[in-house]
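Trainee:
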Amino acid sequence: MKQLSGLDASFLYLETGSQFGHVSGLAIFRRPERKDWSPYEAMRNRLLRRLPELEPLRRRLVQVPFDLDHPYWIEDPDFDLEYHLLETAIPSPGTPEQLAKLVARLIARPLDRTHPLWEFWVIDGLAGGQFAVLSKMHHATIDGAAGAELMTMFYEHEPSLSEPVDVPVTIAGEKIPSPAQVLAKVVGGAFSKPGKFAAVQVRTIRALGEMTRNRGLVGLADVLRTIPNPIGAAIAARSTRGDDTLGSLPERTAPSTVFNGVVTPHRRVALRSVSLTDVKAIKAATGSTVNDVVMAACAGALRAYLQKRDALPERPLVAMVPVSIRTGTESDPWTNRVSGLFPVMPTTSEKPLDRLALVRSVMDEAKQRFALLPATTLVDYADFAPPALAIRAARLASRLRVADRLNPPVNLVISNVPGSRRSLYLDEAIMVNYFPVSTIVDGVGLNITVQSYCDTMDFALVACRELVPDLEDLADLVVAEFAELAGAAGL
1145 MKQLSGLDAS FLYLETGSQF GHVSGLAIFR RPERKDWSPY EAMRNRLLRR
1195 LPELEPLRRR LVQVPFDLDH PYWIEDPDFD LEYHLLETAI PSPGTPEQLA
1245 KLVARLIARP LDRTHPLWEF WVIDGLAGGQ FAVLSKMHHA TIDGAAGAEL
1295 MTMFYEHEPS LSEPVDVPVT IAGEKIPSPA QVLAKVVGGA FSKPGKFAAV
1345 QVRTIRALGE MTRNRGLVGL ADVLRTIPNP IGAAIAARST RGDDTLGSLP
1395 ERTAPSTVFN GVVTPHRRVA LRSVSLTDVK AIKAATGSTV NDVVMAACAG
1445 ALRAYLQKRD ALPERPLVAM VPVSIRTGTE SDPWTNRVSG LFPVMPTTSE
1495 KPLDRLALVR SVMDEAKQRF ALLPATTLVD YADFAPPALA IRAARLASRL
1545 RVADRLNPPV NLVISNVPGS RRSLYLDEAI MVNYFPVSTI VDGVGLNITV
1595 QSYCDTMDFA LVACRELVPD LEDLADLVVA EFAELAGAAG L
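Below you can see the structure in the form of structure tokens.
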């Protein structure tokens, strides 16, 4: 048994009947020329070979009675591969729009917590003999960086012809513990929590002291670390760790837009691609970063989209940008190590290069704020949030439609995940695109996630079906904005 961290578990607690905690990825493959080749059988064989090394695919949840503490992972004693690997198709020759509609329906279904929290869908019928694989994995299991790593572990960098695997899946499953056994485990771990909580508080005090140059706070933290008791020892052990950095929360609420409200269970998905080479050319011509260019393109597209609907706020929008805080030294790679920046989007600026310059300035400032607090501080605080209270708070907020009554803290999520620079294969089938399909929550009904793959940047826009009925228009505007930026930069 291994307990979930507070951050991992938080993605379980946010789930309601209309917001889900899983994230997805849509890989598009070019089918090999062999007529007897089956994408479903190829995926089945690959899963049989990879299961022993991919822990997230084998573990299932064990809830703590009365939600007194965070759940535990165990190796599933009743693992059933056929439950997780499914196949479907769109009418051939399937269009990208048909594929997006099917994906929107498949991601609008929660994962069953009595099984490992993942599904793979093999989707056939795409034009040109292509097929797709949609992966659904709960965010409690992995974050974006871990998902990209899992993808490169699952697929190959060279084409290969693998032999069928007829050996049954053998997983050394754990016996599902009784409620009494789980409670005993919780009680045993409770004695270490006061020391952990005190250590987090001291690290926070010291960070605030250094941030404000207050020698008194720094001195207080140093004194607390020397307290001669078990709590003091725990503080000394934990507060001296070398941590990276963590972003600060936005200073004020964001302006309300058409996509900021209570979400329904229904989704829309739009898929687009742009040339990574072209994006890098804009980056080089303007002295920006690739992420700056992506953010500026999204800002321009959002401005044009809201202007067309006479719904552009006078104040600029605010985005949440997830940031990985992985160091490469984590004892458990299959967990969430993510924080966030909260940059203001230059949606009130008219010119593309002005928007890009403002994005560059805002992102630099956000990164400086990101460096003000230890990276693990807020992550560690999440370990002490009472699960029962968090679950009921999420359900109560949804029932009272709080997101319709208050301005949101952010308007949307924009995520940029670096992917493989080398081609990936499923046997002889080469992957041609990989679209990262993320999730939305009450109050933030729009998500734009981009992942680079070889020389392409693949965008997946996800939105509430009712809040954003014309998501395809926004996706087209994102692509058009890259052309606007290139033209303005003289390319």
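For what it's worth, the working numbering labels the leading residue of the sequence shown as 1145, then goes sequentially.
Just so it is clear, CB atoms sit at the ideal spot from N, CA and C, and this is done for glycine as well.
With DSSP run on the structure shown, which of helix, strand or coil describes Ala1342?
Mentor: In the sequence shown, residue 1342 corresponds to position 198, counting from 1. No answer about Ala1342 holds up, because its pLDDT of 49 lies below 50 and its placement is not dependable.
Trainee: What's the C-alpha gap between Val1561 and Ser1483?
Mentor: Indexing the sequence shown from 1 puts residue 1561 at position 417. Indexing the sequence shown from 1 puts residue 1483 at position 339. Taking the straight line joining both Cα atoms gives about 14 Å.
Trainee: How would you call Leu1246, buried or exposed, if buried means at least 16 neighbouring beta carbons within 10 angstroms?
Mentor: As a first step, residue 1246 must be located in the sequence shown, where it is residue number 102. Classification for Leu1246: buried.
Trainee: First and last residue of the alpha helix (DSSP H) that includes Ile1558?
Mentor: Translated into positions along the sequence shown, residue 1558 becomes position 414. No alpha helix (DSSP H) holds Ile1558; the beta strand (DSSP E) holding it covers 1556-1561.
Trainee: Alpha carbon to alpha carbon, what distance is there between Asp1617 and Phe1275?
Mentor: In the sequence shown, counting from the first residue as 1, residue 1275 sits at position 131. In the sequence shown, counting from the first residue as 1, residue 1617 sits at position 473. Distance between the alpha carbons of Phe1275 and Asp1617 is about 25 Å.
Trainee: With a 10 Å radius around its C-beta and 16 neighbouring C-beta atoms as the bar for buried, classify Tyr1227 as buried or exposed.
Mentor: Numbered from its first residue, the sequence shown carries residue 1227 at position 83. Exposed, by the Cβ-count rule.
Trainee: Ser1154 by DSSP, collapsed to three states: which one?
Mentor: Indexing the sequence shown from 1 puts residue 1154 at position 10. Three-state DSSP puts Ser1154 in a helix.
Trainee: Once you ignore the five residues that flank Thr1356 on each side, which residues in its own chain have a CB closer than 8 Å to its CB?
Mentor: On the sequence shown, residue 1356 is found 212 positions in, with the first residue counted as 1. Bear in mind that the predicted position of Thr1356 carries a pLDDT of just 44, short of 50, making it too unreliable to give a figure here.
Trainee: Give every residue of the same chain whose Cβ lies closer than 8 Å to the Cβ of Ala1316, excluding the five residues on either side of it in the sequence, and list them in chain order.
Mentor: For the purposes of this step, residue 1316 is taken as residue 172 along the sequence shown, with counting starting at 1. Closer than 8 Å at the Cβ level, and outside the excluded window around Ala1316, lie Glu1219.
Trainee: Do you know how far the Cα of Lys1146 is from the Cα of Pro1260?
Mentor: Counted from its first residue, the sequence shown places residue 1260 at position 116. Counted from its first residue, the sequence shown places residue 1146 at position 2. Taking the straight line joining both Cα atoms gives about 14 Å.
Trainee: What is the residue span of the alpha helix (DSSP H) that Leu1148 lies within?
Mentor: To locate residue 1148, count along the sequence shown from 1; it is residue 4. Membership of Leu1148 in any alpha helix (DSSP H) is not indicated, and neither H nor E is assigned to it by DSSP.
Trainee: From the DSSP output, read off the bridge partner residues of Glu1263.
Mentor: To locate residue 1263, count along the sequence shown from 1; it is residue 119. Its beta-bridge partners are Lys1280.
Trainee: Express the C-alpha separation of Ile1267 and Gly1667 in angstroms, rounding to a whole number.
Mentor: With the chain covering 1145 to 1635 only, the question about residue 1667 has no answer from this structure.
Trainee: Would you be able to state if there are at least three C-beta pairs under 8 Å between the stretch 1591-1599 and the stretch 1176-1190?
Mentor: no
Trainee: Report back the beta-carbon spacing between Val1407 and Cys1608 to the nearest angstrom; my notes put them in contact at under 8 Å.
Mentor: Numbered from 1 along the sequence shown, position 263 holds the residue referred to as residue 1407. Numbered from 1 along the sequence shown, position 464 holds the residue referred to as residue 1608. With 8 Å as the limit, Val1407 and Cys1608 qualify as a contact, their Cβ atoms being about 4 Å apart.
Trainee: Val1423 to Leu1629, Cα distance in whole Å?
Mentor: As a first step, residue 1423 is located in the sequence shown; it is residue number 279 there, counting from the start. As a first step, residue 1629 is located in the sequence shown; it is residue number 485 there, counting from the start. The straight-line gap from Cα to Cα measures roughly 9 Å.
Trainee: Rounded to the nearest angstrom, what separates Ala1559 and Met1439 at their Cα positions?
Mentor: Start at 1 with the first residue of the sequence shown, and residue 1559 comes out as number 415. Start at 1 with the first residue of the sequence shown, and residue 1439 comes out as number 295. A small fix is needed here, since residue 1559 is Ser in this sequence, not Ala. Their backbone Cα atoms lie some 9 Å apart in a straight line.
Trainee: Could you tell me the alpha carbon to alpha carbon distance between Leu1156 and Arg1257, rounded to whole angstroms?
Mentor: One-based indexing of the sequence shown puts residue 1156 at position 12. One-based indexing of the sequence shown puts residue 1257 at position 113. Going from the Cα of Leu1156 to the Cα of Arg1257 covers about 10 Å.
Trainee: Once DSSP output is grouped into helix, strand and coil, what is the label at Cys1598?
Mentor: What you label residue 1598 is simply residue 454 of the sequence shown in a count that begins at 1. In the three-state reduction of the DSSP assignment, Cys1598 falls in the coil class.
Trainee: Measure the C-alpha to C-alpha separation of Gln1163 and Arg1504 and round it to an integer number of angstroms.
Mentor: Taking the first residue of the sequence shown as position 1, residue 1163 is located at position 19. Taking the first residue of the sequence shown as position 1, residue 1504 is located at position 360. One C-alpha to the other measures close to 33 Å.
Trainee: Please report how far the alpha carbon of Pro1321 lies from the alpha carbon of Pro1200, in whole angstroms.
Mentor: As a working mapping, residue 1321 is identified with position 177 in the sequence shown. As a working mapping, residue 1200 is identified with position 56 in the sequence shown. Rounded to whole angstroms, Pro1321 to Pro1200 spans 19 Å at the Cα level.
Trainee: Strictly by DSSP, which residues pair up with Trp1478?
Mentor: Taking the first residue of the sequence shown as position 1, residue 1478 is located at position 334. DSSP, once it has assigned bridges, lists no residue as partnering Trp1478.
Trainee: With a threshold of 16 other CB atoms inside 10 Å of the CB of Met1297, please say whether the residue is buried or exposed.
Mentor: The residue given as residue 1297 occupies position 153 in the sequence shown. Per the 10 Å Cβ criterion, exposed.
Trainee: Could you tell me whether the Cβ atoms of Asn1577 and Ala1171 are closer together than 9 Å?
Mentor: Translated into positions along the sequence shown, residue 1577 becomes position 433. Translated into positions along the sequence shown, residue 1171 becomes position 27. The answer is yes: Cβ separation under 9 Å.
Trainee: Give the secondary structure of Lys1505 by DSSP, where H, G and I count as helix, E and B as strand, and everything else as coil.
Mentor: Locating residue 1505 in the sequence shown gives position 361, counting from the first residue. Note that residue 1505 is Ser in the sequence shown here, rather than Lys. When secondary structure is reduced to three states using DSSP, Ser1505 falls in the helix class.
Trainee: With DSSP run on the structure shown, which of helix, strand or coil describes Arg1545?
Mentor: Position 401 of the sequence shown, counted from the first residue, corresponds to residue 1545. It is coil, neither helix nor strand.
Trainee: When DSSP builds the beta bridges, which residues end up paired with Met1464?
Mentor: Position 320 of the sequence shown, counting from 1, holds the residue named residue 1464. Val1557, per the DSSP bridge assignment.
Trainee: Inspect the beta-carbon positions of Val1326 and Pro1209 and report whether they are closer than 9 Å.
Mentor: Mapped onto the sequence shown, residue 1326 falls at position 182. Mapped onto the sequence shown, residue 1209 falls at position 65. Yes, the Cβ-Cβ distance between Val1326 and Pro1209 is below 9 Å.
Trainee: Roughly how many angstroms separate the alpha carbons of Ser1182 and Arg1411, rounded to a whole number?
Mentor: On the sequence shown, position 38 is the one that residue 1182 refers to. On the sequence shown, position 267 is the one that residue 1411 refers to. Their Cα atoms are separated by approximately 30 Å.
Trainee: DSSP state of Pro1254, grouped into three classes?
Mentor: Residue 1254 sits at position 110 when you count from the first residue of the sequence shown. Coil at Pro1254, not helix or strand.
Trainee: Can you look up Gly1272 in the DSSP assignment and give me helix, strand or coil?
Mentor: Your numbering for residue 1272 matches position 128 in the sequence shown. The answer is helix: DSSP assigns Gly1272 an H, G or I state.
Trainee: Applying the criterion that 16 or more other CB atoms from any shown protein chain within 10 Å of the CB defines a buried residue, is Pro1323 buried or exposed?
Mentor: Taking the first residue of the sequence shown as position 1, residue 1323 is located at position 179. Exposed.
Trainee: Quick one: grab the DSSP three-state call for Tyr1569.
Mentor: For the purposes of this step, residue 1569 is taken as the residue at position 425 of the sequence shown. It is a strand residue.
Trainee: What does a CB cutoff of less than 6 Å around Ala1292 pick up in its chain, not counting 5 residues either side in sequence?
Mentor: Within the sequence shown, residue 1292 is the residue found at index 148, counting from 1. For Ala1292, where only same-chain residues beyond five positions count, the Cβ hits under 6 Å are Val1561, Gly1563.
Trainee: Apart from the five residues just before and just after Pro1176, which ones in its own chain have a Cβ nearer than 6 Å to its Cβ?
Mentor: Locating residue 1176 in the sequence shown gives position 32, counting from the first residue. Answer for Pro1176: Glu1572, Ala1573, listed in chain order.
Trainee: Between Glu1307, Ser1304, Met1281, which lies nearest to Met1295 when the distance is taken from Cα to Cα?
Mentor: Along the sequence shown, one-based indexing puts residue 1295 at 151. The shortest C-alpha separation from Met1295 is found at Met1281.
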